[in-house]
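Take a look at the structure below.
In this note's numbering, the protein residues as written are 14 to 395.
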């Protein structure tokens, strides 16, 4: 059974990270797949080297010509299922494969909060015409099912998966707060010229509408006022169309006098090394649907501090796998983090147990296995 994955651009984001991990592990997990994408991006070479055949097919002004080319490509490669990662691609596929017997799945990686009128019309149309819609959290599934009045039988949750091998993690019960996680820890400290006793904290995520880095900045001001010796790294892209979200954080740190304690690293290709160098991971979201960065950080045995957005409650099992703080409340984050400073060993022991649970629950192998189960059920049930 061959699956065609439809993607938009190949830039670095949560969806692209997930699909790249799926493609790299496809052969070893008996997943027969091809990738079809509309736009290039910084990850294009990585996708080309993933082991899965990639085809670039960009829409033109002649949309019927594009649909015909997409149909030809799908049929020529013997595809039985098309798995779209964006509603627009599911819409293209719907018209391209009419009458072929090829089935369509759509994974929704986000919410529709910022969709315009056309985007919501596309969702309204395509969500009821796919054979199955996949969601990355239960909260997200319930939101879409209720809002668009969808048949519950055609909605399913498949949690995202993480390729833990790339994080260089060894899972054992003897890890402790005082042990060195990886040989890369000193590399980041050297880059930032930090002494070993300085607490190294960080977060990962582009500066977009989904995340709330400004609350973290306000927390860092409280941390500095409290006399804590720390340095914080923001890993993530400044998006030109949303530049104010990044610029407000930089300005706040400057006005607050904490710029020397904060580094904005931009896009990095060594995120696994950065995670393994941190002493703790801080995250703030407005409406993540899953939070791959949070799960990756948990898998690195890091104490995690994340706000109590419904999806994060779900992913962290209501705080069993991480420390939750009140959304938009830097004072509560400071309070929770102060407890960590007083009881570090207990927090690292909790992080160790959480990592083992995360490794079992969110592995890329488990993700692929669940997808394959879905694919088989769709091809065997008419």
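For every residue, glycine included, the Cβ atom is placed at its ideal position computed from N, Cα and C.
Burial is judged here by how many other beta carbons sit within 10 angstroms of a residue's own beta carbon; residue 359 has fewer than 16 and is exposed. In the structure shown, residue 122 adopts coil according to DSSP, grouped into three states. In the three-state reduction of the DSSP assignment, residue 15 falls in the strand class. Taking the CA atoms as reference points, residue 110 sits about 6 Å from residue 84.
In the three-state reduction of the DSSP assignment, residue 133 falls in the helix class, which pools H, G and I. Three or more beta-carbon pairs separated by less than 8 Å link the region 201-215 to the region 238-247, which places the two stretches in contact. Under the rule that a run must span 4 or more residues, the alpha helix (DSSP H) segments found entirely inside the region 255-320 read 256-268, 284-290, 305-312. Classified as exposed, residue 238 has fewer than 16 neighbouring CB atoms from the shown chains inside 10 Å of its CB. Bounds of any beta strand (DSSP E) do not take in residue 326; it lies within the alpha helix (DSSP H) bounded by 323-328. Residue 147: member of the beta strand (DSSP E) spanning 145-148, first to last residue. With contacts defined by Cβ atoms closer than 8 Å, residue 307 and residue 150 do not form a contacting pair.
Three or more Cβ pairs closer than 8 Å define a contact, and the region 112-119 falls short of that threshold against the region 250-268.
By the criterion of at least three beta-carbon pairs nearer than 8 Å, the region 133-152 is in contact with the region 85-105. Judged by DSSP secondary structure, residue 68 falls within the beta strand (DSSP E) whose first and last residues are 66-69. The C-alpha of residue 75 lies about 24 Å from the C-alpha of residue 47. Looking at the backbone, the Cα of residue 202 and that of residue 230 are separated by about 21 Å.
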